[in-house]
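For the protein sequence lines, the chains are A and B, in the order given.
So the first sequence is numbered by this note's numbering: it starts at -18 and just counts up by one.
So the second sequence is numbered by this note's numbering: it starts at 410 and just counts up by one.
Data first, discussion second: the structure below is written as structure tokens.
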Amino acid sequence: MRWAPALGVLLVALVLDVSFMGVLELGGVTPRLVCVVVAFASMQAEPGAARWYALLAGLLVDVSEPSMAGPRAPLYLIAPWTLGVFFGSEAVLSFRGVVVRKNPLSLGVLACVLALSAGLLWTAWWALRSWYPDSPAPWGSGSALGEFGTHMLMAMSTGVCAVPVGWLLLRSSALWGFPSVIGRQRGGGQARIIRE
Amino acid sequence: MRRIPPIVIAVAFVMLLGVMPARWVAPWSSDLSAVLWVPLSPLAHAGTSVRLWLRPGNGASREADASVVEERDRFRGLWHAEQIKVQELEKRLRAYEVAAKTSRDGNARFAAASVLTRSASGGGFALKLNCGSRFGVAAGDVVLFGGDAIAGRIAPEVGVVTSTVVSVADRASGRVDAYITPAAQEGAKRAESISVQVVPDGRGQLRADIDLGSAVAPGDMVRVRDAAWPQGAQGMRIGVVREVRRKDAQPLRGEAIIDPAVDGASVGEVVVRVSNGGTP
Chain A
-18 MRWAPALGVL
-8 LVALVLDVSF
2 MGVLELGGVT
12 PRLVCVVVAF
22 ASMQAEPGAA
32 RWYALLAGLL
42 VDVSEPSMAG
52 PRAPLYLIAP
62 WTLGVFFGSE
72 AVLSFRGVVV
82 RKNPLSLGVL
92 ACVLALSAGL
102 LWTAWWALRS
112 WYPDSPAPWG
122 SGSALGEFGT
132 HMLMAMSTGV
142 CAVPVGWLLL
152 RSSALWGFPS
162 VIGRQRGGGQ
172 ARIIRE
Chain B
410 MRRIPPIVIA
420 VAFVMLLGVM
430 PARWVAPWSS
440 DLSAVLWVPL
450 SPLAHAGTSV
460 RLWLRPGNGA
470 SREADASVVE
480 ERDRFRGLWH
490 AEQIKVQELE
500 KRLRAYEVAA
510 KTSRDGNARF
520 AAASVLTRSA
530 SGGGFALKLN
540 CGSRFGVAAG
550 DVVLFGGDAI
560 AGRIAPEVGV
570 VTSTVVSVAD
580 RASGRVDAYI
590 TPAAQEGAKR
600 AESISVQVVP
610 DGRGQLRADI
620 DLGSAVAPGD
630 MVRVRDAAWP
640 QGAQGMRIGV
650 VREVRRKDAQ
660 PLRGEAIIDP
670 AVDGASVGEV
680 VVRVSNGGTP
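See the structure below:
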């Protein structure tokens, strides 16, 4: 995977998430482009690069979205999204073998899986943190289950949004430099990666 | 000896950061966020402008009308603030039988700020502004929108060029003392005012306990009258009554459901009322 275009797309997705994606807000639920981009990279890239990419993407989300609860607000806590997106990327890496990688619908499904996994870990991490006196959970007197419900809706909207965005990303896959074909020498031998 | 993969070390490091107390993490992670957003802020500003262009807030009118309405709301807010001041003065007159002249809060000034990012928070919203301590903004300063509507207050940890607004609907805002004026008496010289205490309900609205026999009705304005808030916030709009209903747990008491005066989705430019010595 080429890092320069991958980082550029990630930053654009991050900026759009916090500024523009409110246009698609339905009932307080907004899709997340960062999850779509990370799911795309996790589907197509080498596992090692996909993991680092997911970790970086989650870190960027963590330093962009503060928690407003507690005496130290705004608190940019590094971990909930970083680990959540990483966890989601691992889920996509597990599932990517059973989907058609060149199909935008596959990206829709896997982006939903990634966002759901990230939301699950985010909720669990904040539930753990809420034991600390100086870090109340962002959902306040609400329940963690209710918050996870919101994340489920967000994951679904992300999955829907990922289909058209995935079509655009797939058109640009040559730019990303993914290993796209696993070939095998005619006379047998080890599998090798042929770049596009 | 087997080498530990760097990704495992990185994940372990992140987990360590994630369990650190907030007082260790907050100062440097705020700086990290500020540094990251220095190059991204212009792009985010453009994105917010496009979003507001594509999906403006409810009731958006023509530009000329909007400026007139804004002017009207500003003066209406000032008028309500003056009304409170007059009532206080009259009380003093009665008590001490002297004519007291008190000065308005002359130390305050206003700073215009653009909204860089918006995120959901605690049932309300959090807005990141391109205005920080360099412009005199301090924690607890009141953020106004459209003249006399309170969007929220500046959160602690103000950056040099950025700050964060905690909306009034955010649970972090806590209870606010306020009063409700019937919509029909908005312009009256001696308008009835019903004192209430509003509490964010965590679902984007505010709630206030009221007497079922009181004159509160949907459409009534809710304004701040809280000694813990800065002088400049007194009399400003915090919300509008959406519904009045009987409390299930206390059938003799009523509950007013209040919509915040400012919809976070429609905010692009705000004004911070910079008050010297303001405290959260």
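Just so you know, even glycine gets a beta-carbon here, dropped at the ideal spot from N, CA and C.
Since the model is a prediction, treat every value here as computed from it, not as a measurement.
Could you name the residues of the same chain whose beta carbon sits closer than 7 Å to that of residue i, not counting the 5 residues immediately before and after it, in chain order?
i                 : result
aspartate 623(B)  : For the record, residue 623(B) in the displayed sequence is serine; it is not aspartate. Around serine 623(B): Ile603.
arginine 612(B)   : Gly532
cysteine 93(A)    : Ala136, Met137, Thr139, Gly140
cysteine 540(B)   : Ala520, Ala522, Val546, Ser572, Val681
arginine 483(B)   : Gly556, Asp557
methionine 429(B) : none
Where DSSP assigns a beta bridge to residue i, which residues make up the other side?
i                    : result
methionine 630(B)    : Thr590(B), Val649(B)
leucine 7(A)         : Val10(A)
threonine 526(B)     : Lys537(B)
isoleucine 666(B)    : Arg616(B), Glu652(B)
isoleucine 563(B)    : Val574(B)
isoleucine 603(B)    : Ile589(B)
serine 181(A)        : This structure gives no information on residue 181(A), because the portion of chain A shown stretches from -18 to 177.
valine 679(B)        : Ala522(B)
phenylalanine 544(B) : Partner(s): none; phenylalanine 544(B) has no beta bridge.
valine 552(B)        : Gly561(B), Val681(B)
valine -4(A)         : Note: valine -4(A) sits in no beta bridge, so no partner.
valine 608(B)        : Arg616(B)
proline 28(A)        : Proline 28(A) is not bridged to any residue.
Kindly list the residues whose CB is nearer than 8 Å to the CB of residue i, restricted to its own chain and excluding five residues on each side of it in sequence; keep chain order.
i                 : result
arginine 464(B)   : Ala674
serine 576(B)     : Ser530, Gly533, Phe534, Ala535, Leu536, Ala560, Gly561, Ser582, Pro669, Val671, Gly673
glutamate 652(B)  : Pro627, Ala665, Ile666
glycine 65(A)     : Gly39, Ser98, Ala99, Gly100, Leu101, Leu102, Trp103, Trp106
proline 436(B)    : Glu566
alanine 469(B)    : Low local confidence applies: a pLDDT of 48 at alanine 469(B) is under 50, so the model's placement there is unreliable, and no value is given.
glutamate 506(B)  : Summary for glutamate 506(B): the model assigns pLDDT 44, below 50, so the residue's position carries little reliability; its value from the coordinates is reported in the next sentence. Hits under 8 Å: none found.
isoleucine 418(B) : none
Do the CB positions of residue i and residue j come within less than 8 Å of each other?
i                   : j                 : result
valine 546(B)       : isoleucine 563(B) : yes
proline 200(A)      : tryptophan 157(A) : Outside the displayed span of chain A (-18 to 177) sits residue 200(A), for which this structure offers no information.
serine 438(B)       : tyrosine 34(A)    : no
glycine -11(A)      : alanine 431(B)    : no
leucine 95(A)       : valine 73(A)      : yes
phenylalanine 67(A) : leucine 36(A)     : yes
arginine 32(A)      : isoleucine 416(B) : yes
alanine 49(A)       : aspartate 579(B)  : Note that residue 49(A) is methionine in the sequence shown here, rather than alanine. Yes, Cβ-Cβ distance for methionine 49(A) and aspartate 579(B) is below 8 Å.
alanine 558(B)      : arginine 485(B)   : no
serine 450(B)       : valine 44(A)      : no
leucine 91(A)       : alanine 20(A)     : yes
tryptophan 120(A)   : glycine 127(A)    : yes
glutamine 643(B)    : alanine 490(B)    : yes
valine 18(A)        : leucine -9(A)     : yes
leucine 88(A)       : methionine 133(A) : no
glycine 568(B)      : isoleucine 59(A)  : no
alanine 453(B)      : threonine 526(B)  : yes
glycine 663(B)      : leucine 615(B)    : no
arginine 518(B)     : valine 625(B)     : no
Going along the chain, which residues of its own chain have a beta-carbon closer than 6 Å to the beta-carbon of residue i, five neighbours each way excluded?
i                    : result
aspartate 629(B)     : Ile589, Pro591, Ala592, Val650
glutamine 606(B)     : Arg584, Asp586
phenylalanine 544(B) : Ala520
arginine 110(A)      : Ser116
glutamine 492(B)     : none
valine 552(B)        : Ala560, Gly561, Val574, Val679, Val681
leucine 150(A)       : Phe21
leucine 41(A)        : Leu(-5)
phenylalanine 554(B) : Ala560, Val671, Val676, Val679
alanine 30(A)        : Met(-18)
So, does the segment 634 to 641 of chain B touch the segment 414 to 432 of chain B, judging by three or more C-beta pairs under 8 Å? The segment 634 to 641 of chain B is not in contact with the segment 414 to 432 of chain B.
If contact means a Cβ-Cβ distance below 8 Å, which residues of the segment 15 to 40 of chain A contact chain B? Within the segment 15 to 40 of chain A, Gly29, Arg32, Trp33, Leu36, Leu40 place their CB atoms closer than 8 Å to a CB of chain B, listed in sequence order.
Do the segment 115 to 126 of chain A and the segment -4 to 8 of chain A make contact, defined as three or more Cβ pairs closer than 8 Å? Output reads no: the segment -4 to 8 of chain A does not touch the segment 115 to 126 of chain A.
Of the residues that make up the segment 41 to 60 of chain A, which ones have a beta carbon closer than 9 Å to any beta carbon in chain B? Residues passing the 9 Å Cβ filter: Leu41, Asp43, Val44, Ser45, Glu46, Pro47, Ser48, Met49, Ala50, Gly51, Pro52, Arg53, Ala54, Pro55, Leu56, Tyr57, Leu58, Ile59, Ala60.
The segment 613 to 629 of chain B: positions lying closer than 8 Å to chain A by Cβ: Answer in chain order: Gly613.
Can you pull out the residues from the segment 545 to 577 of chain B whose beta carbon lies closer than 8 Å to at least one beta carbon of chain A? Flagged, chain order: Ala564, Pro565, Glu566, Thr573, Val575.
If the cut-off is 7 Å on Cβ atoms, which residues from the segment 417 to 437 of chain B count as contacting chain A, listed in chain order? Cβ contacts with chain A: Ala419, Val420, Val423, Met424, Leu426, Gly427, Pro430, Ala431, Arg432, Val434, Ala435.
When you check each C-beta in the segment 119 to 147 of chain A against every C-beta of chain B, which residues fall closer than 7 Å? Within the segment 119 to 147 of chain A, the qualifying residues are Pro119, Gly121, Ser122, Gly123.
Short-range partners of chain B found in the segment 92 to 117 of chain A, where Cβ spacing is below 7 Å: Answer in chain order: Trp106, Tyr113, Asp115, Ser116.
Going along the chain, which residues of the segment 73 to 91 of chain A sit with their C-beta nearer than 8 Å to a C-beta in chain B? For the segment 73 to 91 of chain A, which is checked against every Cβ of chain B, not one residue is closer than 8 Å.
Can you list, in chain order, the residues of the segment 633 to 655 of chain B whose Cβ is nearer than 8 Å to any Cβ on chain A? Using a CB distance below 8 Å, no part of the segment 633 to 655 of chain B faces chain A.
Name the residues in the segment -15 to -3 of chain A whose C-beta lies less than 9 Å from a C-beta of chain B; which are they? Listed by position along the chain: Leu(-8), Val(-7), Leu(-5), Val(-4), Leu(-3).
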